[in-house]
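To start, the structure under review is shown below, and the notes come after it.
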Amino acid sequence: MNYLEFKRQLMVDPHSHEPAFVAARNLDDRHRQAYEQAMRFEAGIEQALHVQVPHDLAEICMAKVYAADAQSADAHTTLPDASSLGNPVATLRQGWQWLPAMAAGLVLGIGLTASVFMLQQVGEQSISAYLASHWEDDGPDIISRSVLEPMEAGNIQRILATLNLDMNKDFSSQFVFAKNCPTPTGLGVHLVVMTEYGPATVIYIPSRSDYNAESFQVDGLQAQLVALQQGSVAILGNTQSIINSTADLIHKALQEKPGLDA
Amino acid sequence: MTVMMNKQARFEAIAREYSTDMYRYAVWISGDHALAKDVVQEAFLRAWRALDKLKDEKAIKGWLFTIVRREYLRTFERKVPNFVDVDDVVLTELTQMEPEADSEVAILRDAIAALPVKYREPLMLQVIGGFSCNEIAEKLGISRSAVMTQLFRAREKLKHSLVDDLLKDDNVHELS
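Next comes the structure, spelled out in structure tokens:
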């Protein structure tokens, strides 16, 4: 490791245990000096990050946990499986377990007509499962980052254009994030929009405009499907006001250009 | 009963060992003491409920920090943003912390608070959490090389703030 690499490593990971870095620390006076200087700088950072921690924080947290636990036991509600609590999406999926059984029963009972119905049901199930899984991947992360560092309208427009979508400029300030994302019917767009009630996540799903205005829950959020002319959007928000406001915004601001056949 | 007592004992040991670092991390990513306290409490509630599934003791700290981060991100779903620059909030909140005699530390504190989130967060995970670049990359969902670049830039910005302050002092001396 030459001196420049060593200096760079001091700026990236000064406590690294990489053998080449450890060996370089005592290579000569220049390396030793640089290392000592970096350690002083790190000590300053560590000191600067000191914050006053509330007295008895651990005890307060424990008390809250045990109180919540006792409350849920009193309410005779079974504690959900630990893995699903760490992963709220699993809870959502469990809630849909009855659907395949119901669909299978219909197929056995009333033949071909019912099988069409079953396929429709499976389709409905997969859209909710898709949304839950998609949200779990990066939904919270995207929404927070887009609120903190909104994307420029031009960049959002460029992403929308990949699916032949257009954004009404009058509403561009309300669109704060866009990226392409996979959907059950192909490449879609993951958007974050700001409403007067708070942020909402919008997933544009191409080539499916036959969703009913179905609502369900995703990780404690409300989700609603809204059919457009050529595709649909799924809106995820914390309250019904956010959902309604977003649906209104999408109808006014998002235009599907003719000829899209995604 | 014994199983529950064992779980409690394990949980209490974890809470005592990690709550301080979790709180520090939460304060520095949220810039708000009250919010940080809520986030840590919620994180412990989730941790308690999922504790039986955690078998690898070495993974506890990383697991807890991931829960804290996730709980913090969830708060964005629950509130209407006030459109105040988060860095201003952080700066105000954090500069109200313990008065610092050492001016260099005070400058560093302001500079850390003013760092853009994308530089501040990896630095917090490294310094407070003690995580490696690979672990940080995994937590933030970005590449290792991006983490290394962000850590480099974070330190570079902090160093510049120290130098800038030094130059400012020199100018003041020259003028007087």
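Chains W and C, in that order, are what the protein sequence lines are. Everything in the first sequence is counted per the working numbering, starting at 1378 for the first residue and increasing by one. Everything in the second sequence is counted per the working numbering, starting at 5 for the first residue and increasing by one. Positions of the beta carbon are idealized from the N, C-alpha and C atoms, including for glycine.
Using a C-beta cutoff of 7 Å, does residue i count as contacting chain W?
i	result
Glu-16/C	yes
Phe-135/C	no
Asp-89/C	No answer about Asp-89/C holds up, because its pLDDT of 43 lies below 50 and its placement is not dependable.
Leu-129/C	no
Glu-125/C	no
Arg-183/C	No answer is possible for residue 183/C: the residues shown for chain C start at 5 and end at 180.
Ile-140/C	no
Thr-24/C	yes
Arg-148/C	no
Phe-69/C	no
Does the beta carbon of residue i sit closer than 7 Å to a beta carbon anywhere in chain C?
i	result
Gln-1410/W	no
Ile-1520/W	yes
Lys-1384/W	no
Ile-1422/W	yes
Ala-1401/W	no
Lys-1556/W	no
Leu-1631/W	no
Lys-1441/W	yes
Thr-1468/W	For Thr-1468/W, the predicted structure reports a pLDDT of 36, less than 50, and the residue's modelled location is therefore unreliable. The matter cannot be settled from this model.
What's the C-alpha gap between residue i and residue j?
i	j	result
Val-31/C	Lys-161/C	21 Å
Thr-1562/W	Leu-58/C	37 Å
Lys-1556/W	Ala-1577/W	15 Å
Trp-1512/W	Gln-1410/W	49 Å
Glu-46/C	His-1427/W	22 Å
Met-1388/W	Ser-1505/W	45 Å
Gly-134/C	Thr-70/C	13 Å
Leu-112/C	Met-1416/W	15 Å
Ala-117/C	Met-128/C	11 Å
Gly-1575/W	Ile-1619/W	6 Å
Asn-1541/W	Ala-1630/W	14 Å
Leu-49/C	Phe-1593/W	25 Å
Ala-1611/W	Arg-1522/W	20 Å
Phe-1418/W	Asp-1446/W	45 Å
Tyr-29/C	Arg-159/C	18 Å
Gln-1429/W	Asp-168/C	28 Å
Cα-Cα, which of the options is closest to residue i?
i	options	result
Pro-126/C	Ala-17/C, Glu-16/C and Phe-156/C	Phe-156/C
Gln-1617/W	Thr-1572/W, Ile-1580/W and Asn-1545/W	Thr-1572/W
Met-1439/W	Pro-120/C, Glu-16/C, Ile-71/C and Ile-111/C	Glu-16/C
Asp-1514/W	Phe-69/C, Ala-63/C, Asn-138/C and Gly-145/C	Gly-145/C
Glu-1633/W	Tyr-1380/W, Ala-1420/W, Lys-1384/W and Asn-1545/W	Asn-1545/W
Cys-1558/W	Leu-1537/W, Pro-1431/W, Phe-1548/W and Ile-1422/W	Leu-1537/W
Arg-1535/W	Leu-1525/W, His-1394/W and Phe-1552/W	Phe-1552/W
Ser-1550/W	His-1567/W, Ala-1435/W, Val-1524/W and Pro-1583/W	Val-1524/W
His-1408/W	Ser-1393/W, Asp-1433/W, Tyr-1380/W and Thr-1560/W	Tyr-1380/W
Pro-1527/W	Asp-1547/W, Thr-1539/W, Pro-1517/W and Val-1570/W	Val-1570/W
Tyr-1507/W	Gly-1565/W, Phe-1554/W and Asp-1543/W	Gly-1565/W
Met-1378/W	Pro-1391/W, Ala-1400/W and Asp-1390/W	Ala-1400/W
Gln-1606/W	Ser-1584/W, Pro-1517/W, Pro-1396/W and His-1392/W	Ser-1584/W
I'd like to confirm the pairing. Which residues does DSSP put opposite residue i in its beta bridges?
i	result
Glu-1633/W	Leu-1542/W
Gly-1565/W	Cys-1558/W
Gly-1614/W	Gln-1599/W
Thr-1578/W	Val-1569/W and Leu-1613/W
Phe-1593/W	Ala-1600/W
Measuring only from the beta carbon, is residue i closer than 6 Å to any heavy atom that is part of the ligand NAP?
i	result
Ile-1620/W	Among the components modelled here there is no ligand, and therefore nothing to report on the ligand NAP.
Discussion item. Pairs of beta-carbons, one from the region 1623-1635 of chain W and one from the region 1519-1532 of chain W, closer than 8 Å: are there three or more?
Written reply: A contact is defined here as three or more CB-CB pairs under 8 Å, and the region 1623-1635 of chain W fails this definition with respect to the region 1519-1532 of chain W.
Worksheet item: Okay, do the region 1400-1413 of chain W and the region 146-156 of chain C touch, 3+ Cβ pairs below 8 Å being the bar?
Response: no
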